[in-house]
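Data block below; observations after.
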Amino acid sequence: MLENLTSGSFAAHKNTAFRMSLPGGGTLRLDLVDVEERENSPKLEQFSITFRGPATPVCPQQIYRLEHEKLGVMELFLVPLGPDGAGMLYQSCFNRLRKSGGAAPP
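Structure representation (structure tokens):
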């Protein structure tokens, strides 16, 4: 599933809600607030996505199951970046080889 998601896939759903499953049970709402392209090459795709959740609880860095109404279910490694005044920010970075013959996405 993740191999089919690009920065454009996430950018199309900026400012929408994701539901994160917590390890002990329950869920937490995260809003996708930023999609940032890194320097791309014909062979390498790099981008990061940033979510905002509530100020508490602060979730430790680890792999979380996230669900989005359009993008479906995915597992992402999230790292807490810190509070921004409106909640807690979390980031997931993508750094992967493109499929052969792939060009940098728009």
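Numbering (the working numbering), first residue to last: 795 to 900. Just so you know, even glycine gets a beta-carbon here, dropped at the ideal spot from N, CA and C. These numbers were taken from a predicted model, which means no experiment stands behind them.
Using C-beta distances below 8 angstroms, list every residue in its chain close to residue i, excluding the 5 sequence neighbours before and after it, in chain order.
i, result
"Pro848", "Leu822, Arg823, Gly881, Met882"
"Lys808", "Leu826, Val827, Asp828, Val829"
To the nearest angstrom, how far is the alpha carbon of residue i from that of residue j?
i, j, result
"Gly896", "Gly876", "With a pLDDT of 49 at Gly896, under the threshold of 50, the modelled position of that residue is not reliable, and the figure given next carries that caveat. Roughly 35 angstroms between the two C-alpha positions."
"Ser835", "Asp828", "21 angstroms"
"Leu797", "Ser842", "Looking at the sequence itself, residue 797 is Glu, so the reference to Leu does not match. So the alpha carbons of these two residues sit roughly 14 angstroms apart."
"Arg832", "Gln885", "14 angstroms"
"Tyr854", "Lys837", "The question names Tyr, yet the displayed sequence has Pro at residue 854. The alpha-carbon atoms of Pro854 and Lys837 are separated by roughly 32 angstroms."
Should residue i be listed as close to the ligand MN, given that the test is whether its C-beta is under 7 angstroms from any heavy atom?
i, result
"Gly866", "With respect to the ligand MN, the structure offers nothing, as it holds no ligand at all."
Am I right that residue i and residue j are in contact with their C-beta atoms under 8 angstroms? What's the rounded C-beta distance?
i, j, result
"Leu872", "Phe812", "Between Phe812 and Leu872 the Cβ distance is about 10 angstroms, and since that is not below 8 angstroms, they are no contact."
Within a Cβ cutoff of 6 angstroms, which residues of the same chain sit near residue i, ignoring the five residues on either side of it in sequence?
i, result
"Cys887", "Ser842"
Please name the residue, chosen from the options, that lies closest to residue i on a Cα-to-Cα basis.
i, options, result
"Gly802", "Glu839, Pro817, Met814, Gly879", "Glu839"
"Ile857", "Lys893, Thr844, Ser815, Gly819", "Ser815"
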